[in-house]
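Here the sequence shown is numbered in the numbering used here, starting from 4 and rising by one per residue. Following: one structure in structure tokens, then a few remarks.
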Amino acid sequence: MSAFSSIVELRSSWGRRMHTWVGGAVCGLVLGVASPSFAGTSEQVPLGARAIALAGAYSAAADDGTALFWNPAGLAGIGHQELTVTHANLFDSGIKDDFAAFALPLSRNRTLAFDWYHSGFADNELDFGENRFDLAYAVKLPGPFSIGATAKYLRRDTNLDGATVPQAQGWGLGTDLGLLATPSEGWRFALVGQDLTSTRMNYSDGSSSVVFPRNIRAASAHSFGRWGLCTLDVDDRVHLGLEASPLNNVAVRGGAQRDLDGEESPTYSVGAGFKVAFIRTDYAYEIHPVLPATHHMSAAFEFNLNPSQIRIDRVEAQNLFASIYKSYAQEPAVVVSLTNLQDHALDVEMSVGIPGFTSKPVETPLHLAANATQQIPIALNVDQRVMRQGGDRSLHVQVTASYQSKRFPRTDRSVAKCIGYGPGTISWDGGAAPAAAFVTTQDPVVSNFALNASRVALADHSFLFNLPNLDRAAAAFDALQVLGISYQHDPIRPLPGQSIDTILYPRETFEKRIGDCDDTSVLVAALLGSLGVNSQFVVRRSPGHVFLLFDSGLSDVEHENLILPDDKYVRLGGRTWIPLETTAVGEGFASAWTRGALAYNEGHQKGVLSSPVDIGAAQARYLPAEPVHGALSAPLIEEPRLAKRFKEDVETFRQWRDAYLKSR
4 MSAFSSIVEL RSSWGRRMHT WVGGAVCGLV LGVASPSFAG TSEQVPLGAR AIALAGAYSA
64 AADDGTALFW NPAGLAGIGH QELTVTHANL FDSGIKDDFA AFALPLSRNR TLAFDWYHSG
124 FADNELDFGE NRFDLAYAVK LPGPFSIGAT AKYLRRDTNL DGATVPQAQG WGLGTDLGLL
184 ATPSEGWRFA LVGQDLTSTR MNYSDGSSSV VFPRNIRAAS AHSFGRWGLC TLDVDDRVHL
244 GLEASPLNNV AVRGGAQRDL DGEESPTYSV GAGFKVAFIR TDYAYEIHPV LPATHHMSAA
304 FEFNLNPSQI RIDRVEAQNL FASIYKSYAQ EPAVVVSLTN LQDHALDVEM SVGIPGFTSK
364 PVETPLHLAA NATQQIPIAL NVDQRVMRQG GDRSLHVQVT ASYQSKRFPR TDRSVAKCIG
424 YGPGTISWDG GAAPAAAFVT TQDPVVSNFA LNASRVALAD HSFLFNLPNL DRAAAAFDAL
484 QVLGISYQHD PIRPLPGQSI DTILYPRETF EKRIGDCDDT SVLVAALLGS LGVNSQFVVR
544 RSPGHVFLLF DSGLSDVEHE NLILPDDKYV RLGGRTWIPL ETTAVGEGFA SAWTRGALAY
604 NEGHQKGVLS SPVDIGAAQA RYLPAEPVHG ALSAPLIEEP RLAKRFKEDV ETFRQWRDAY
664 LKSR
């Protein structure tokens, strides 16, 4: 019996070290840990090369045929028929583990699956075999939850030297229950009860014993879109896994697991996965601290037995910009063209998501007329997290269309590519309106600086222009000069001829104390807006340049109250506007006004000015985003210098008026 005892002990050791709860929330996720008083050590041998490469952290991530073992609730969203097979020679011991499963969706939200698991060992003395047959049913519940259950029948047969071994031949029944929650795109949480009734084996000699004690696992998983996955499982062990996808349809994996109570060294695992068309293959190499390493192989075949009744003709996706992410909720950035191939109307549930950019897929119910093609514009669910993702990257727009065919549900898929630009990037193709999203008038760094500048400059009422908007504009602009903000030409992405550009948020310009024409225009517009002064972007197409017009506070018919020449202001849209060359930020308000007037008049005469963009109106479409970098508090102002600078501008303004009156 020594050989038999060794095999049983080896299998038991394997089960205790491998069973896991998948999940993943490395990157800040906190998991609940199952109570040792309620959940025993898992004795079952884990399955699937992908799961094992992730060190058994797979309960929340399970979305293939092996979900029967890890979490039956994961079957609910499989969306297609799938055949999965696995093979391993455990610890190079001659114990052969084989598994085959088939998943069959019954409707859009319900899936039936069954599998066969066999583990066996044979030599000249001992012949051991275990067979398990499982039947699972999963349902996607309303909201973010799915639930699944597995019923299993287990049989063992052992022969020693050709004779049946007592208490080694028998059968047993067991039950698993799984719960899966997907509260937002990228996050999955799971709770699994395996062998809830503590599966017992009834032997041929009339005795029985528990072979698989109850095991409770808690898990979570976080997906980084197509870039990878991070998983964490907790039962009697802690399991941690990481998956990276450097290329489409290629994945590399690694993980580690360790007993919560014991002093045994961790078990490490690595692996890789590949997908070609409808075939997916996975490999795992598990490094046990004591036993020899084990190679695991898996293959899965995805297919649909029922023919497609619709066709996803085209997915058109705009390039996406994090800084205007709020606009995508009201203005579609993706258009999908669907054709109903049948001669009868068809109800379709379409889902559009962009991993790494959207917070969750957009679900759209459709009623397609017979033999008709429909264009569906899709608004996107995007949240502030995109403002924390630096750099430009390639995005994949994932479109699924699910419907009920004659026998089974079917889900058709299509993928389109676009570019996701990081915070601070803008396109000028559609004009200057998107730049309004950078004008953060509500940012306390901006508003506090503007209010302090206005308070200091206007403290001596003898210095007033006697036009509130001019007073405030001069105070804010002169405060920037005193602070030391300076202009620097953008040598990398000039405005004309290259539609993609970068803009600093006002608090970033405060931190850097330098900016190009669009940076300074955005900064000044934000300061003016926080003081209640509206402004407009003006773009000179050749050479590419941005400057401002701000509202003087006078209507069109009141322009003469300025008592200045006509070339000092602009009458537009029933208002009188003051041109401001923001690149003169180091020269003071009067100089910026003079240069702005020259730039506007010259550009207008040459016909190279675009139509001014009212920033307040543009922000109804391009809501300002929340910057995550830059100064955290309003810069301090040297009050005596600002008061002196403001007084000089007031005197210059009076000289302009005197000269104008003399000329009249």
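Even for Gly, the Cβ is constructed at its ideal location relative to N, Cα and C. For clarity, every value in this text was computed on a predicted model and none was experimentally measured.
Just the C-alpha distance for Gln-501 and Asp-432, rounded to the nearest angstrom, thanks.
Residue confidence is low: Gln-501 scores 49 on pLDDT, short of 50, so the model does not pin down where it sits. No coordinate-derived value is stated.
Can you look up Ile-429 in the DSSP assignment and give me helix, strand or coil?
The answer is strand: DSSP assigns Ile-429 an E or B state.
Rounded separation between Gln-622 and Ala-440 - CA only:
Roughly 6 Å separates the two Cα atoms.
Secondary structure at Ala-54, three-state DSSP: helix, strand or coil?
Residue state, collapsed to three classes: helix.
Is it buried or exposed for Tyr-625, if we count other Cβ within 10 angstroms and need 16 for buried?
Burial call: buried.
Do the segment 221-235 and the segment 58-74 make contact, defined as three or more Cβ pairs closer than 8 Å?
In short, these stretches touch, since the Cβ pair count reaches three.
Buried or exposed, going by whether 16 or more other CB atoms sit within 10 Å of the CB of Phe-215?
Phe-215 comes out buried.
Thinking C-beta only, is Ala-91 closer than 9 Å to Asp-694?
No statement about residue 694 is possible, as the shown extent of the chain runs from 4 to 667 and does not include it.
As assigned by DSSP and simplified to three states, the class of Ser-122:
Here Ser-122 sits in strand by DSSP.
Residues bridged to Leu-551 [DSSP beta-bridge criterion]
Answer is Phe-540, Leu-583, bridged to Leu-551.
Outcome for Lys-665 when other beta-carbon atoms lying within 10 angstroms are tallied against a minimum of 16
With fewer than 16 Cβ atoms within 10 Å of its Cβ, Lys-665 is classed as exposed.
Short of 7 Å in beta carbon distance, which residues of its chain neighbour Arg-742, apart from the five on each side in sequence? Order them along the chain.
Since the first residue shown for the chain is 4 and the last is 667, residue 742 is missing from the structure and cannot be characterised.
Count the other C-beta atoms from every protein chain shown that fall within 10 angstroms of the C-beta of Phe-281, then say buried if there are 16 or more, exposed otherwise.
Classification of Phe-281: exposed, given that the 10 Å Cβ count is below 16.
For Ala-685, which of Pro-582, Ala-303, Ser-405 has the nearest alpha-carbon?
A query on residue 685 cannot be resolved here, the shown segment of the chain reaching from 4 to 667 and no further.
Can you look up Asp-522 in the DSSP assignment and give me helix, strand or coil?
Correct three-state label for Asp-522: helix.
Just checking, does the segment 82-97 make contact with the segment 300-319 on the three C-beta pairs under 8 Å criterion?
Output reads yes: the segment 300-319 touches the segment 82-97.
With a threshold of 6 Å on Cβ separation, who are the neighbours of Leu-182 within its own chain once the five nearest residues in sequence on each side are excluded?
These residues qualify, in order along the chain: Ala-76, Ile-150, Leu-194.
Can you list, in chain order, the residues of its chain whose CB lies under 8 Å from that of Ala-332, leaving out five sequence neighbours each side?
Around Ala-332: Ala-382, Leu-383, Asn-384, Val-385.
Can you give me the C-alpha to C-alpha distance between Val-653 and Val-541, rounded to a whole angstrom?
For Val-653 and Val-541, the distance between alpha carbons rounds to 26 Å.
Give the secondary structure of Leu-109 by DSSP, where H, G and I count as helix, E and B as strand, and everything else as coil.
In the structure shown, Leu-109 sits in coil (DSSP, three-state: anything other than H, G, I, E or B).
Given Leu-470 as reference, the closest of Ala-404, His-347, Ser-558, Val-448 once Cα atoms are compared
Comparing Cα positions, the closest option is Ser-558.
For Tyr-331, does the three-state DSSP call read helix, strand or coil?
Judged by DSSP in its simplified three-state form, Tyr-331 adopts helix.
Through-space distance from Met-353 to Leu-454, alpha-carbon basis:
Near 50 Å, if we compare the C-alpha coordinates of Met-353 and Leu-454.
If you check the beta carbons only, do Ala-600 and Ala-587 fall under 9 Å apart?
For Ala-600 and Ala-587, no; Cβs fall outside 9 Å.
Buried or exposed: Arg-657, going by 16 or more other Cβ atoms within 10 Å of its Cβ?
Answer is exposed; the Cβ neighbour count stays below 16.
I need the DSSP call for Thr-376, collapsed to helix, strand or coil.
Three-state result, Thr-376: strand.
Delimiting residues of the alpha helix (DSSP H) encompassing Ser-450:
Counting along the chain, the alpha helix (DSSP H) containing Ser-450 begins and ends at 447-460.
Same chain only: Cβ atoms within 6 Å of Pro-358, ignoring 5 sequence neighbours per side
Counting only Cβ-Cβ distances below 6 Å, and skipping sequence neighbours, we find Gly-228, Arg-229.
With distance defined between alpha-carbon atoms, name the residue in His-225, Glu-629, Leu-157 nearest to Tyr-198.
This sequence places Asp at residue 198; Tyr is not what is there. Residue Leu-157 is the option with its Cα nearest to Asp-198.
Which full runs of the beta strand (DSSP E) of 3+ residues lie inside the segment 560-645, going along the chain?
The qualifying runs are 573-575, 578-583.
9 Å is my cut-off, CB to CB: does Pro-358 come that close to chain D?
No chain D is part of this structure, which consists of one protein chain only.
Would you say the segment 606-618 touches the segment 553-570, given that touching needs at least three Cβ pairs under 8 Å?
Not touching, per the Cβ criterion.
Pick helix, strand or coil for Pro-75, following the three-state DSSP scheme.
Helix, per DSSP.
Give the secondary structure of Val-485 by DSSP, where H, G and I count as helix, E and B as strand, and everything else as coil.
Three-state DSSP puts Val-485 in a helix.
Can you round the beta-carbon distance between Ser-417 and Ile-315 to whole angstroms, since I take them to be within the 8 Å contact cut?
Contact between Ser-417 and Ile-315 holds, since their C-beta atoms are separated by about 4 Å, short of 8 Å.
Closer than 6 Å by C-beta to Asp-661: which residues in its own chain qualify, once you throw out the five before and the five after it? Chain order, please.
Close CB contacts of Asp-661 within its chain, under the 6 Å cut and outside five residues either way in sequence, are absent.
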